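Just below is one structure, and these are the notes that go with it.
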Amino acid sequence: MDELANPTGPRKEFINNHCREFMKMIKDIQVTLRDEIKSACEYRPFEKCDYSSRISNEICCKKLEYVLFQLDAMKQTIDEYQATV
Amino acid sequence: MAFYYRTSLRGHIYQSINPEILRAKWTFPFYISEFRNAETGLLFLGLNSKFFLQIFRENKNMDGNLEISLDKLPIKRLDSIEENGVERYPSDSSYDEKRVSLIRRIDFAWAVEDDEERERKKRQKKSSKDASATWQWQSMVENLQLAHQELSVIIDLINTVEANDAVTVAGMTRPKPLPNEVLSDLAVSAATKLQCYRQLGKYFKQSAKALEEQIAREARFYGALIRLQQNWKVKRQRLAAAASSSEGFIIDLFDNSLYDSAAMCRPSSLSTIRVDHDSAGMLAINLPPNSCRSLHFGFLGVHSADIPKELGKIRTRGSVEQHTREHEKESMSDDEYIKETHTLLREVHQSIFDDQVFEMLNREAFNQSIGVNVTGIRENYLQLSIGQGNTLFISLVPSSKGDDQDAANTQDSESAIVPLDSFDNVKFEEGKHGTPKRKWGFPNRTSCEIYLQQIVHEHAFVKAKDKPNLSGTRVSGQSGKDGPGLLGHFCLSLAHRIFSNRVLVELENVVCRVPYLHLMTHPTWHSQASSWTIFLKVPQSILHAESQSLKSDFQNMKDAVKSQFRTKVVVNDDRINVEGEGAPNVVSLFKRSSENISSVNKYECDLADLPVIILLQGDTVSLVAHVNPEDIKGGIAWWLVMEDGSTDDWKLQMDMYDGASEYRKFLGHLTLDVLYSTLMDLVSLCGGGRNH
């Protein structure tokens, strides 16, 4: 500010720096805006919002957990068997 | 022509004044217009149209002095107006006052002037007398006196202006500013502007900062909400928003894709979840603790080894750890927080589904469908008997206390205790022989739970065209019609599963002792049927042995030497069907009535007789055992059944009074010796009658 109020006028580099900073900020704003708009366009609401298939998936998850448990038990039995052999 | 005016204002009499002084210093708002009366030679000056300046010429002998007397025009002048609009006029002057005012108007100037002239003459005489004695200050004194007169006129004029009676000041021109004053004025205004701008700048910065914070808070809230919106139905109620301070967002968990919508269209209180703000403005969901319930299944009297609690922990996290969530929120990032919210919503969604499942099962249980036998009911608890003395229960428990409830239920159950002691003893006894055994005859309770949920979901929640085309799991649509409903189907499946487990134990028993017997399980994809195959691989040593054993007799009957025999065991519900292929054609059928409880022993010995069978090429002769515990002679009644070889279906259906192509002969109860001899006879008969 003081530089700008210089009675002989501000130096050229000073003005250049100011302008450069300003343009850089504008560019950042534009980049951010572009990203935001892109992500907003890619967003689809209720994309995975199917309640009955969600329940099916939950049931499948439970089945998987159970099977995993059985497999772990089998593995444990095998290990014990091999340990004793 | 220089005019000498003599003004009389308010009765004051003035000496003549220099008109130039008047005009130069003040601008009067009155309008001066000159009228000259042609007749009288009088000059009139109009003054604000209220005064009438009468200028008259004095006597000609007074060398053109004009005397002016101002008269108020006879207008009734408004004094004032009050607030209510009443006008006030000056009171009329009385007669005395009028006379006084008239007297005042008399101009005594001439008298004064005469006096002045006399004095002047005297002075002139004096001065002419002593001209030589003229005072050097005389002219100054005279000038001062003149100035004094003019000043007094001016002062009087100013007083009149101040009194605001006759004249008012129209305007005053500003004095021309000095050169340095211009610059300093400019500097002051510039400094003031700078100050104002600085203040504005500060204000804007503050507002911008506050706005940024507000935006950051809202961005966090709406960002989280948008991510939830991908998975859940987020709705907005504007009326609720007006009432409370939040924006009125809710998450609707009610599933309106129900197949049987007429029956299940009541949304529970949990299905609408309010989205709140927490202290930092972030999205928060507040649920009362233990509001989620989950379906729990179990067999009475059987303490089942559950899957370890780590798996159950995932389900109970939401309700138990809600209190700790507040403390940990600062350390959690937004992503983790949203994931936790997802988990919570998942739990609630599952809880709603479990509620619906339970309600539907209750409704079916009291519609008297096939296979359903309700033996006990409590709040959120349903107990059913599935035959063979087995009882199961289905209950709704709060998510956090699922496992404790199981123990509590088994202790204070109201139905009969299942006497499985004999069964268990047998198990343990055989276990002592060191052979590997299946520990429990009951299927895992978790798998039953999952199965129950799946069939309810497939039936009720999936549209008819989307249903998977599994042949075995076809369940008839509505309960109450012909055929079992969902619950009936489930109970029958479980009953079959329990029975087939026992059959398997027996088969394993048979097979495990003999090295050339192999047991294979076939999946049937039907929940009420199971099938195994026992392979009998006759070792070479026996094949070539020329012994009188039963097996060598079998081989002698045939030209081809078969070394592998296959026996198929099929269990449908609780009916066992044994069938053999290869050289020993075996059809033997075992039927059990479902009321008997202690049939286990008999069953054992039936199975143990499996390899001892009868054959016939072409036609089949079979020895059928009918197990009937109510028979007083013993449990088993034997039938001799002959059937055509043209029947392709080796499975004999259960109905003993059916089958036109069969020939039955009732043998009645046979002792073991008689049975053995009968078998031998039949074998020899088959050997002899082989050719036809």
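Protein sequence lines correspond, in order, to chains G and F. To convert, take the position in the first sequence, counting from 1, and add 29; that gives the numbering used here. To convert, take the position in the second sequence, counting from 1, and add 105; that gives the numbering used here. Quick reminder that beta carbons are idealized off the backbone N, C-alpha and C, glycines included. Note that the coordinates shown come from a computational prediction; the quantities given were computed from them, not determined experimentally.
- Val676/F is a Cβ neighbour of Ser635/F, given a cutoff of 8 Å.
- When DSSP states are grouped into helix, strand and coil, Ser374/F belongs to the helix group.
- Burial is judged here by how many other beta carbons sit within 10 angstroms of a residue's own beta carbon; Leu62/G has fewer than 16 and is exposed.
- Taking one beta carbon from each stretch, the segment 444-462 of chain F and the segment 388-399 of chain F have 3 or more pairs nearer than 8 Å; the two touch.
- Annotation for Gly328/F: no residue places its beta carbon closer than 6 Å to its own, counting only its chain and skipping 5 residues before and after.
- Three or more pairs of CB atoms, one per stretch, sit closer than 8 Å, so the segment 604-620 of chain F contacts the segment 543-559 of chain F.
- Secondary structure of Asp778/F (DSSP, three-state): helix.
- Between the segment 326-345 of chain F and the segment 68-77 of chain G, the count of C-beta pairs closer than 8 Å reaches three or more; the two stretches touch.
- By the C-beta density criterion, Lys307/F is exposed, having fewer than 16 other C-beta atoms within 10 angstroms.
- With contacts defined as CB atoms closer than 8 Å, Val610/F and Trp637/F fail to qualify as a contacting pair.
- His564/F is classed as buried because its beta carbon has at least 16 other beta carbons within 10 Å across all chains shown.
- For His562/F, the chain G residues whose C-beta falls within less than 7 Å of its own C-beta are Ile84, Ser85 and Ile88, listed in chain order.
- With a cutoff of 8 Å on beta-carbon distance, Gln559/F and Ile88/G are scored as near each other.
- In the structure shown, Glu192/F adopts extended strand secondary structure according to DSSP, grouped into three states.
- Relative to His627/F, the option among Thr672/F, Ile186/F, Arg303/F and Gln254/F whose CA is nearest is Thr672/F.
- The beta-carbon of Asp440/F is placed no less than 8 Å from the nearest beta-carbon of chain G.
- Annotation: Leu299/F to Asp290/F spans about 14 Å, alpha carbon to alpha carbon.
- Using beta-carbon distances, Cys78/G counts as an interface residue toward chain F, with a partner under 8 Å.
- In the structure shown, Leu392/F adopts coil according to DSSP, grouped into three states.
- DSSP links Ile356/F through a beta bridge to Val339/F and Ile378/F.
- When Cβ-Cβ separations below 8 Å define contact, Lys104/G makes no contact with chain F.
- For the pair Leu358/F and Ser384/F, the CB atoms are not nearer than the 8 Å cut-off.
- The contact set of Pro74/G on chain F, defined by CB atoms closer than 9 Å, consists of Ile331, Gln334, Gln335 and Val339 in chain order.
- The C-beta of Ser81/G comes closer than 8 Å to at least one C-beta of chain F.
- Of all alpha-carbon atoms in Thr629/F, Phe640/F and Ser373/F, the one lying nearest the alpha-carbon of Tyr621/F is that of Phe640/F.
- Proximity of Thr551/F to chain G, defined by a Cβ-Cβ separation below 8 Å, is satisfied.
- At a beta-carbon threshold of 9 Å, none of the residues of chain F lie near Lys67/G; the nearest stands roughly 15 Å away.
- Note on Ala600/F: 16 or more other CB atoms within 10 angstroms of its CB, so buried under the neighbour-count rule.
- Spanning the alpha carbons of Lys281/F and Leu288/F requires a straight line of approximately 14 Å.
- Taken atom to atom, the span from the alpha-carbon of Leu777/F to that of Phe471/F is near 48 Å.
- In the three-state DSSP reduction, Pro39/G falls in the coil class, being neither helix nor strand.
- Residue environment analysis places His562/F among the buried positions, since at least 16 neighbouring C-beta atoms fall within 10 angstroms of its C-beta.
- With fewer than 16 other Cβ atoms inside 10 Å of its own Cβ, Met245/F counts as exposed.
- Of all residues in the segment 36-48 of chain G, none places a beta-carbon less than 9 Å from a beta-carbon of chain F.
- Between Leu487/F and Thr496/F, the beta carbon gap of about 11 Å keeps them out of contact (Cβ cut-off 8 Å).
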